[in-house]
Amino acid sequence: MAFSSFSARRGGAWAHSLLPSTTTAAASPKSKHSRKPRRRLLLRDFLLANFFTIGLSVSVFFFLLLLLRYGFPHPITARFSPSSKSSRSPIRSSKPRKPLTRRPGPNDSSGAAVDITTKELYDKIEFSDLDGGPWKQGWRVKYKGDEWDSEKLKVIVVPHSHNDPGWKLTVDEYYEKQSRHILDTIVDTLSKDARRKFIWEEMSYLERWWRDSADDKREMFTNLVKNGQLEIVGGGWVMNDEANSHYYAIIEQITEGNVWLNETVGVIPKNSWAIDPFGYSPTMAYLLRRMGFENMLIQRTHYELKKELALHQNLEYIWRQSWDVDETTDIFVHMMPFYSYDVPHTCGPEPAICCQFDFARMRGFMYEQCPWGEYPVETNQENVQGRARLLLDQYRKKSTLYRTNTLLVPLGDDFRYVSIDEAEAQFRNYQRLFDYINSNPSLNAEAHFGTLEDYFRTLREEAERINHTRPGEIGSGQVGGFPSLSGDFFTYADRQQDYWSGYYVSRPFFKAVDRVLEHTLRTADMMMAFLLGYCGRPQCEKLPIGFSYKLAAARRNLALFQHHDGVTGTAKDHVVLDYGTRMHISLQDLQIFMSKAIEVLLGMRHDKYDSSNPSQFEPEQVRSKYDVQPVHRAIMAREGTRQTVIFFNPLEQIREEVVMVIVNRPDVTVLDSNWTCVPSQISPELQHDKSKIFTGRHRVYWQASVPALGLQTYYIANGFVGCEKAKPAKLKYFSKSSSFSCPTPYPCSKLEADAAEIKNRHQTLTFDVNHGLLQKISYGTGSQTVVGEEIAMYSSWGSGAYLFKPDGDAQPIITAGGQMVISQGPLVQEVYSYPSTQWEKSPISHSTRLYNGDNTAQEFLIEKEYHVELLNQQFNDRELIVRYKTNIDNKKVFFSDLNGFQMSRRETYDKIPLQGNYYPMPSLAFLQGSNGQRFSVHSRQSLGVASLKVGWLEIMLDRRLVRDDGRGLGQGVMDNRAMNVVFHILAESNISSASNPVLNPLPLNPSLLSHRVGAGLNYPLHAFVSKKPEDLSVQPPSRSFSPLVAPLPCDLHIVSLKVPRPLKFSQPPLEDSRFVITLQRRSWDPSYCRKGRSNCARFAEESVNLLNMFRELTVSNARATSLNLLHEDTDMLGYIEQFGDVAPEGQVLISPMEIQAYKMELQPHQ
714 MAFSSFSARR GGAWAHSLLP STTTAAASPK SKHSRKPRRR LLLRDFLLAN
764 FFTIGLSVSV FFFLLLLLRY GFPHPITARF SPSSKSSRSP IRSSKPRKPL
814 TRRPGPNDSS GAAVDITTKE LYDKIEFSDL DGGPWKQGWR VKYKGDEWDS
864 EKLKVIVVPH SHNDPGWKLT VDEYYEKQSR HILDTIVDTL SKDARRKFIW
914 EEMSYLERWW RDSADDKREM FTNLVKNGQL EIVGGGWVMN DEANSHYYAI
964 IEQITEGNVW LNETVGVIPK NSWAIDPFGY SPTMAYLLRR MGFENMLIQR
1014 THYELKKELA LHQNLEYIWR QSWDVDETTD IFVHMMPFYS YDVPHTCGPE
1064 PAICCQFDFA RMRGFMYEQC PWGEYPVETN QENVQGRARL LLDQYRKKST
1114 LYRTNTLLVP LGDDFRYVSI DEAEAQFRNY QRLFDYINSN PSLNAEAHFG
1164 TLEDYFRTLR EEAERINHTR PGEIGSGQVG GFPSLSGDFF TYADRQQDYW
1214 SGYYVSRPFF KAVDRVLEHT LRTADMMMAF LLGYCGRPQC EKLPIGFSYK
1264 LAAARRNLAL FQHHDGVTGT AKDHVVLDYG TRMHISLQDL QIFMSKAIEV
1314 LLGMRHDKYD SSNPSQFEPE QVRSKYDVQP VHRAIMAREG TRQTVIFFNP
1364 LEQIREEVVM VIVNRPDVTV LDSNWTCVPS QISPELQHDK SKIFTGRHRV
1414 YWQASVPALG LQTYYIANGF VGCEKAKPAK LKYFSKSSSF SCPTPYPCSK
1464 LEADAAEIKN RHQTLTFDVN HGLLQKISYG TGSQTVVGEE IAMYSSWGSG
1514 AYLFKPDGDA QPIITAGGQM VISQGPLVQE VYSYPSTQWE KSPISHSTRL
1564 YNGDNTAQEF LIEKEYHVEL LNQQFNDREL IVRYKTNIDN KKVFFSDLNG
1614 FQMSRRETYD KIPLQGNYYP MPSLAFLQGS NGQRFSVHSR QSLGVASLKV
1664 GWLEIMLDRR LVRDDGRGLG QGVMDNRAMN VVFHILAESN ISSASNPVLN
1714 PLPLNPSLLS HRVGAGLNYP LHAFVSKKPE DLSVQPPSRS FSPLVAPLPC
1764 DLHIVSLKVP RPLKFSQPPL EDSRFVITLQ RRSWDPSYCR KGRSNCARFA
1814 EESVNLLNMF RELTVSNARA TSLNLLHEDT DMLGYIEQFG DVAPEGQVLI
1864 SPMEIQAYKM ELQPHQ
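The opening position of the sequence shown corresponds to residue 714 in our numbering, with each subsequent residue numbered one higher.
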């Protein structure tokens, strides 16, 4: 096939395994000729009898000597197995894998050897924004004319249409008005002429069109794909954002689209097309490589980086992960050179000329006319020579920016090719221009329509013939002749000082909902897998399979929101409402399923196999609407009754954690599943209301222990004899108001001093009472970390949904006064502050908590919870931040995560404006000093972060903006919602030599404790409470669920455990591997405390046994697969050979930073 690997059976089973068989080879037979010693002619007989053996042995000996001296030779054949290539793909040479001489440890400090890093580019570029003439952000491009004498210019024009699944209109509105007509147009116009080509990216639209189309239309579409006229590029549900999206959601959205495409059309994409995300993450390159993709195309990178790369013909490169010393993550990238992906900015460096060749802008069409004053005209016999030579001049100029004489020219824009007339205008006119160019050999050029695969195949063929490698260049074994690069492409600027750092924070409420839906979907997938895995008969399949449709809908709603105008917060208000409503409905559906699933897993009621029966449990937190914060349900706790609380632990290790539920009455007792008393604490519930801080309800805290991936039961009882009631916290308060009243039954006293403290056995926090802000952290050793918490606002007249353009620095908003309540108990100590501000109603209140749980990760962290309300016009054009002004000498170098997967080193540059020094923070940022002192902030939602002065770490919480920022949305961001932002802060000191973050250009890894803290925040316990109280006189049986034989190593994370296609679970023919587990091995910094602070006994340096992982489940047919579940040749995915594959005994070994998926079958023990 022209561009893809087609499965053997359309819509059939997953791709056939290409892994080596796990059957044991037969023992080699003994030699027929056993030697007997003889006294006479012994040497001669020996030599004659063993001539061949001796010769072979000598040859092998010298061969081994040569290998030791010179290493392995380059292979002649390609790295990719023939079965994974299309019949028209060329053989692609590659370096052999380097032999693994060591087992990588968790902190392998050596980084990838590359030719270019984005840090080096930032260090070098002056960011002077010089006017380049017609190509304003470049220079006046010239050529001599003889560049194509030996190798003619090969121009491949790729027609495309960018279809946003939601932006100014909802996905449904766009589909009805434009996208369905575009797909109809593509099928009709391509079918008329085999020379016409097209590419399509978004499966969310294609799946809907497929459902609506007649069989003959579907067949025409499939034929166009299979004959190479139409290529599916990327093939994800959407073209996802790369700054805010978590890697779990990225994997899910690509897999959802790729699997649907393979089952429906029988094609697997291998080229990625990402023209519109606002900056690019190496996480995406890694995931695509591990999904079997070979090439990527990107567009929106900083215009100064584009110019610098173009000057040295480095716009095409091999993207390598910063930790990859073995070149296993290499993927080829084409970066588009100019301002935009529209026609004026894709044919060449002069948009005024290129716009004349956008024939959809001719009079009579609905598109904007060319703003440069010259308009496209119909190509005819009279003007074709001049027009073709004018266009070819642009092609030649553009080609000088790249190393090869193979040129890619996209031809499209947003929602183009919506009518037959428009498509015909483009195809007809370009074909006349191509015919002229191709019929004149003196031009040394050929041009034709093509797909992305046509381009990459032609380029690789040229790279095979012509060596474009520069002297001293490291390059890659993937494709010869191109530099290697590591790093990310944030923060994006498209012109002047317009940095797109605002979208890191826009609509933060829905960024938080996105992550809640992610971890809820992940948990529902696990429960579905356990229900089907432990089920041995059709009756118990009813519940999970009956829910399959809603599970699929939830996955698609999550996938849809990963779109680069979804999770980014850059859509119109009614589109945000549509995204939010979809996610809210899916959250409700998932929680209903989970409430029923826990009953079955705990063996409570077998009639719950029927999905129509209501559950006796409900989620402990509930959302009444799509745009409001969840609230805790209150347990009634009447005298003589108990209510059941069940926790599900979605993590791979036993969870020891202080937990909390809300009760209406304070006189309660906590019991575990064995009816044993559990020490507990009662504290008043607080709220963001200056006139009424106490709600009248109460928080019950206790330390819970929940098995890995398991369930545990507790009881809240009232009137249980023999147990101590929950211990009330002691309250202290600071308030200028005389009307402050203490709630019952808490002892209360007034704060008189200017400073206040809360502490546990590890740390003491000191607060400024007048401002309610955290000042410092003190430790038992006598050392301390200054925190200097500050809450401030930027005034931003130029900011919008995309751009952050502040007017100067942020100004503090907290004044002396306000109210503070300190709650101190045996398990939790909390400082709540409702600060005084210039506004009558403060836009923010916040709590700081310390926990006292024994042997928990919680006892080392500081929990900060900010309640934010930028809800009225007083806060127009304001952007709210929290800033920690520490005493850590970080030299304005800090680290923020990329997609929750890896860290990136950030450095604040004086030569770029403040907004350009803001970076995405999906889940973590930290400062580190040269003395090893580290200050980390974990988040459970994506936000923006900066370190603008030495020791400072600031995080933007919300933004309210009146104006449009000129990037097409046509509105500001005024639909703010009340929300809670939760951080887990960790202050650590190194116990061994730590890397100097200023001198080391590589990103640093979090500590093992930091990983565990982040996991606890982002994968919280799921709590369920019984709907009705039950009589205390009846002791229920002990109930828990513990599916793992043993907790997994502390640095091994289960990304997902699921049944990918539950609807087909019982449909014959049954697949042999219906379950998938995806594992990630985290890389951590061992110069920080390894075991003492995290209670870890095992690490993934040793192999893990998949076959013996689950209790009372037989695991069979385990085999490695790609992250999109469609390839089982791990060699084509780039994995190091001894990592990833499943040994016959079930052992798998995963290298640090790697994510590996395995298909397997689960069945209950007979």
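Note that the Cβ used here is the ideal one computed from N, Cα and C, for glycine as well.
Item to check | Exposure label - residue 1028; buried when at least 16 CB within 10 Å | outcome: In the sequence shown, the residue the question calls residue 1028 occupies position 315. By the 10 Å Cβ count, residue 1028 comes out buried.
Checklist entry - Closest to residue 1898 by CA distance: which of 1532, 937 and 1299 is it? => result There is simply no residue 1898 to check, as the chain begins at 714 and stops at 1879 in what is shown.
Item to check | Inter-residue CB distance, residue 1083 and residue 1076 (contact presumed, cutoff 8 Å) | outcome: Counted from its first residue, the sequence shown places residue 1083 at position 370. Counted from its first residue, the sequence shown places residue 1076 at position 363. At roughly 11 Å, the Cβ-Cβ gap does not stay under 8 Å, so residue 1083 and residue 1076 are not in contact.
Checklist entry - Alpha carbon to alpha carbon, how far is residue 1293 from residue 1216? => result The residue given as residue 1293 occupies position 580 in the sequence shown. The residue given as residue 1216 occupies position 503 in the sequence shown. Distance between the alpha carbons of residue 1293 and residue 1216: 17 Å.
Next on the checklist: My assumption, with CB atoms under 8 Å, is that residue 1735 sits in contact with residue 1196. Please give the rounded CB distance.
Outcome noted: The residue you call residue 1735 lines up with position 1022 of the sequence shown. The residue you call residue 1196 lines up with position 483 of the sequence shown. Not really, about 47 Å apart at Cβ, beyond 8 Å.
Checklist entry - How long is the line joining the alpha carbons of residue 1690 and residue 1227, rounded to whole angstroms? => result Position 977 of the sequence shown, counted from the first residue, corresponds to residue 1690. Position 514 of the sequence shown, counted from the first residue, corresponds to residue 1227. Approximately 15 Å between the Cα atoms of the pair.
Checklist entry - Can we count residue 1341 as close to the ligand SAH, meaning its CB is less than 7 Å from some heavy atom? => result Looking at this structure, you won't find the ligand SAH or any other ligand, since it has none at all.
Next on the checklist: With H, G and I counted as helix, E and B as strand and the rest as coil, what does DSSP make of residue 961?
Outcome noted: The residue given as residue 961 occupies position 248 in the sequence shown. Helix, per DSSP.
Next on the checklist: Three or more C-beta pairs under 8 Å: does that hold for the stretch 1264–1276 against the stretch 943–963?
Outcome noted: yes
Checklist entry - Rounded C-beta distance between residue 1570 and residue 1729? I'm assuming under 8 Å. => result As a working note, residue 1570 is residue 857 in the sequence shown. As a working note, residue 1729 is residue 1016 in the sequence shown. The pair is a contact, with the Cβ atoms about 6 Å apart (cut-off 8 Å).
Next on the checklist: On the criterion of 16 or more Cβ atoms from any shown chain inside 10 Å, does residue 1616 qualify as buried, or is it exposed?
Outcome noted: Here residue 1616 refers to the residue found at position 903 when the sequence shown is read from its first residue. By the neighbour-count rule (16 or more Cβ atoms within 10 Å), residue 1616 is buried.
Item to check | Distance, residue 987 Cα to residue 1167 Cα | outcome: Here residue 1167 is taken as the residue at index 454 of the sequence shown, counted from 1. Here residue 987 is taken as the residue at index 274 of the sequence shown, counted from 1. In a straight line, the C-alpha of residue 1167 is about 17 Å away from that of residue 987.
Checklist entry - Cα separation between residue 1174 and residue 1016? => result Reading the sequence shown from its first residue, position 461 is the one you call residue 1174. Reading the sequence shown from its first residue, position 303 is the one you call residue 1016. Each residue's Cα considered, the two are about 30 Å apart.
Checklist entry - Mind checking residue 784: buried by the 16 CB within 10 Å criterion, or exposed? => result Taking the sequence shown and counting its residues from 1, one reaches residue 784 at position 71. Because residue 784 sits at a pLDDT of 49, beneath the cut-off of 50, its placement in the model cannot be relied upon, and the point is left open.
Next on the checklist: Between which two residues does the alpha helix (DSSP H) holding residue 713 run?
Outcome noted: With the chain represented from 714 up to 1879, any question about residue 713 goes unanswered, as that position is not in the structure.
Next on the checklist: Just to confirm the assignment: which complete beta strand (DSSP E) runs, minimum length 3, are found wholly within the stretch 1474–1513?
Outcome noted: 1476–1481, 1486–1492, 1497–1499 and 1502–1508
Item to check | Cβ-based neighbour list, residue 1610, same chain, cut-off 8 Å, excluding 5 preceding and 5 following | outcome: Counted from its first residue, the sequence shown places residue 1610 at position 897. Answer for residue 1610: 1616, 1617, 1634, 1635, 1636, 1637 and 1638, listed in chain order.
Checklist entry - Hey, how far is the Cα of residue 1050 from the Cα of residue 1817? => result Here residue 1050 refers to the residue found at position 337 when the sequence shown is read from its first residue. Here residue 1817 refers to the residue found at position 1104 when the sequence shown is read from its first residue. Approximately 46 Å, taken between the alpha carbons.
Checklist entry - Given a threshold of 16 other Cβ atoms within 10 Å of its Cβ, counted over all protein chains shown, does residue 1568 qualify as buried or as exposed? => result Locating residue 1568 in the sequence shown gives position 855, counting from the first residue. The residue in question, residue 1568, is exposed, as its Cβ has fewer than 16 Cβ neighbours within 10 Å.
Next on the checklist: Looking at chain D, is there any beta carbon in it that lies within less than 8 Å of the beta carbon of residue 1672?
Outcome noted: Considering every chain present, this structure includes no chain D. It has just one protein chain.
Item to check | Whether residue 1540 touches residue 1371 by CB criterion (8 Å) | outcome: In the sequence shown, residue 1540 corresponds to position 827, counting from 1. In the sequence shown, residue 1371 corresponds to position 658, counting from 1. Their beta carbons are under 8 Å apart, which means residue 1540 touches residue 1371 by this criterion.
Item to check | Proximity below 8 Å, CB of residue 1122 to CB of residue 871 | outcome: Position 409 of the sequence shown, counted from the start, is the residue given in the question as residue 1122. Position 158 of the sequence shown, counted from the start, is the residue given in the question as residue 871. Closer than 8 Å, so yes.
Next on the checklist: For residue 1496, count the other beta carbons within 10 Å of its own beta carbon; 16 or more makes it buried, fewer makes it exposed. Which is it?
Outcome noted: Within the sequence shown, residue 1496 is the residue found at index 783, counting from 1. Exposed: under 16 other Cβ atoms inside 10 Å.
Item to check | Other residues of its chain near residue 1620: CB distance less than 6 Å, five sequence neighbours each side excluded | outcome: Here the question's residue 1620 lines up with position 907 in the sequence shown. Excluding positions up to five away in sequence, the list reads 1606.
Checklist entry - Can you tell me whether residue 1327 is buried or exposed, with buried defined as 16 or more other CB within 10 angstroms of its CB? => result Your numbering for residue 1327 matches position 614 in the sequence shown. When all chains shown are included, residue 1327 counts as exposed.
Checklist entry - Which same chain residues, not among the five before or five after residue 1163, have their C-beta less than 7 Å away from its C-beta? => result Stepping through the sequence shown from its first residue, residue 1163 is reached at position 450. Within the same chain, residue 1163 has close Cβ partners 869, 870, 871 and 910.
Checklist entry - Taking residue 1250 as the reference, which of 1779, 1798 and 1761 has the closest Cα? => result Locating residue 1250 in the sequence shown gives position 537, where the first residue counts as 1. When each option's Cα is compared against that of residue 1250, the closest is 1779.
Checklist entry - Whose C-alpha, out of 1185, 934, 1187 and 1385, is nearest the C-alpha of residue 1751? => result To locate residue 1751, count along the sequence shown from 1; it is residue 1038. Out of 1185, 934, 1187 and 1385, 1385 has the C-alpha closest to the C-alpha of residue 1751.
Checklist entry - Based on Cα-Cα distance, which residue from 1857, 1760 and 1782 lies nearest to residue 1810? => result Position 1097 of the sequence shown, counting from 1, holds the residue named residue 1810. When only C-alpha atoms are compared, the closest one is 1760.
Item to check | Local Cβ density within 10 Å of residue 1510, reported as buried at 16 or more and exposed below that | outcome: Residue mapping note: residue 1510 aligns to position 797 of the sequence shown, counting from 1. The residue in question, residue 1510, is exposed, as its Cβ has fewer than 16 Cβ neighbours within 10 Å.
Checklist entry - Per DSSP, residue 913 forms a beta bridge with which residues? => result Translated into positions along the sequence shown, residue 913 becomes position 200. The partner list for residue 913 (beta bridge, DSSP) reads 945.
Item to check | Three-way DSSP call (helix, strand, coil) for residue 1043 in this model | outcome: The residue given as residue 1043 occupies position 330 in the sequence shown. Three-state DSSP puts residue 1043 in coil, outside helix and strand.
Item to check | Closest Cα partner of residue 1579 within the set 1700, 1800, 1399 and 1743 | outcome: Within the sequence shown, numbered from 1, the residue matching residue 1579 stands at position 866. Residue 1579 has its Cα closest to that of 1399, out of 1700, 1800, 1399 and 1743.
Checklist entry - Hey, out of 941, 1021 and 1298, whose CA is closest to residue 850's CA? => result Residue mapping note: residue 850 aligns to position 137 of the sequence shown, counting from 1. The residue with the shortest Cα to Cα distance from residue 850 is 1021.
Item to check | For residue 888 and residue 1110, believed in contact at Cβ under 8 Å, the rounded distance | outcome: Start at 1 with the first residue of the sequence shown, and residue 1110 comes out as number 397. Start at 1 with the first residue of the sequence shown, and residue 888 comes out as number 175. Actually they do not touch by this definition, with Cβ atoms about 38 Å apart.
Checklist entry - According to DSSP, which residues form a beta bridge with residue 1417? => result The count along the sequence shown starts at 1 and reaches residue 1417 at position 704. DSSP, once it has assigned bridges, lists 1370 as partnering residue 1417.
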